[in-house]
Amino acid sequence: MVDFAVLNSKSSIFKNRDEFYKNFSEILKVLDFLRSKNYYTTLRTSISIDEIEIIKNKTLKEFFQEEKDRDLKMFLKSFLANKVIRIEFPISHDEDVFGLKEYKYMEEEVKDLGYADIFNTLSVSFLSDKKWDKEVIILDKSLINENGEIKKEKVEIFNASRVSHIDKNFHLGLKIREDRVDKLVKDFKNEYINIFKKIHFSEEAIESISELEKDILIQAMSILYQIEVGIKKLEDFSYSDESRSVKSNPKLKELRKFKIADGKEIYMFHHIKNLSNGNRIYFHKESDSKIWIGYIGKHLKTKKY
124 MVDFAVLNSK SSIFKNRDEF YKNFSEILKV LDFLRSKNYY TTLRTSISID EIEIIKNKTL
184 KEFFQEEKDR DLKMFLKSFL ANKVIRIEFP ISHDEDVFGL KEYKYMEEEV KDLGYADIFN
244 TLSVSFLSDK KWDKEVIILD KSLINENGEI KKEKVEIFNA SRVSHIDKNF HLGLKIREDR
304 VDKLVKDFKN EYINIFKKIH FSEEAIESIS ELEKDILIQA MSILYQIEVG IKKLEDFSYS
364 DESRSVKSNP KLKELRKFKI ADGKEIYMFH HIKNLSNGNR IYFHKESDSK IWIGYIGKHL
424 KTKKY
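Heads up, the sequence shown is in the numbering used here, so the first residue is 124 and it goes up one at a time.
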């Protein structure tokens, strides 16, 4: 899966200013949810966001310039300035990505939704009409196969014009999670910075991860990703503190000292125990939004073992 969702520009035209005022916040909630959960980092559009027609014959930029309501103008400014989520144009620089395909919805060509099918990603719609108020949209897809024959089929794409639509697409969340975990397992050193914002790793953790068996690494990355995006909290996992005998023994205590930002070293005694074969995740919770991982691997030496 890709790391971007696609804006359904066909959904952008509202009946009037009042309808826009009433429902514009829904797409902001959707985008904020996608970003905060790290489902997608970018929203791609087929039309420059300034030029999207928001009310008949009026672009979003023109609407913003003329709008007097301070609250609405503030929301619009955040949207246009990429403060809700980063917006990129175009959806694809590859003009041949569509090939000989055509997508229609309710007898109207919908190229943006076609991109959602091609890239196996989510369509994000404005709540401008009841036809966009659904979590799954069924498209009519036509393509010319290698024999020159026209093949027609129906395809489903995931859509969100409300946050509740994403909740209903629980399997989409699972697919995204599997994709992120897979990336971390295959290339942790290059991927973790893009995926983890709340969870940070010590130098020792980064090195220890490279030495883990694959099944343990999958378990560890799945746990940490769930914590990162808020699917679960630390408290949902089994973890414990080290014993007094460990903390009072200089040699054993030193094994639990890890280097974090700017060369600073801290002791980490708490460890998650939900890994197989006696493996642990040593951590330090600085705050709800900042958790340090010191080491992942076999339980560090104790006085008893």
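Ideal Cβ positions, reconstructed from N, Cα and C, are used throughout, including at glycine.
Could you give the distance in angstroms between the alpha-carbon of K253 and the alpha-carbon of F311?
42 angstroms
Nearest CA to the CA of K356: which residue from F324, V308, K413, L335?
K413
Going by alpha carbons, who is nearest to Y418 out of Y163, V278, L398?
L398
Does K444 come out as helix, strand or coil in the three-state DSSP assignment?
Residue numbering for the chain in the displayed model covers 124 to 428; residue 444 lies beyond these limits and cannot be assessed.
If you drop the 5 nearest sequence neighbours on each side, which residues of the same chain put their C-beta closer than 6 angstroms to that of W415?
H323, I383, H407
So does the region 293-306 actually touch the region 342-357, counting three or more Cβ pairs closer than 8 angstroms?
yes
List the DSSP bridge partners of T165.
F127, R209
E176 - containing alpha helix (DSSP H), residue span
It is not in any alpha helix (DSSP H) - E176 instead sits in the beta strand (DSSP E) that spans 176-178.
Exposure of R367, with buried meaning 16 or more beta-carbon neighbours within 10 Å
exposed
Tell me the DSSP secondary structure of I414 in three-state form.
strand
Note down, in chain order, each residue of its chain lying with its Cβ closer than 7 angstroms to the Cβ of D126, except the 5 sequence neighbours on either side.
Y163, T164, T165
Which of the three DSSP states is assigned to G222 in this structure?
coil
Out of K152, D141, V129, which one is the CA nearest neighbour of P213?
V129
Straight-line Cα distance separating T182 from Y405
52 angstroms
Using C-beta distances below 7 angstroms, list every residue in its chain close to V286, excluding the 5 sequence neighbours before and after it, in chain order.
K152, V153, F156
Considering only C-alpha positions, which residue in the set R209, S331, E225 is nearest to A123?
One cannot answer for residue 123 here, as it falls past the ends of the chain, which runs 124 to 428.
Inter-residue Cα distance where the pair is M229 and I177:
21 angstroms
Which runs of the alpha helix (DSSP H) at least 4 residues long sit entirely within the region 306-380? Give them in chain order.
311-318, 326-332, 337-352, 367-370, 373-377
Pick from T425, L250, V233, S265 that is closest to K104, judged by C-alpha positions:
Not covered by the structure: residue 104. The range shown for the chain is 124 to 428.
According to DSSP, is E190 part of a helix, a strand, or is it coil?
coil
Checking the sheet assignment: what are the DSSP bridge partners for R403?
G420
Buried versus exposed, by CB contacts within 10 Å (16 or more), L109:
The shown model of the chain, from 124 to 428, leaves out residue 109, and the question about it has no answer.
Quick one, are the C-beta atoms of S159 and F198 less than 8 angstroms apart?
no
Rounding to the nearest angstrom, what Cα-Cα distance links K421 and F319 in this structure?
23 angstroms
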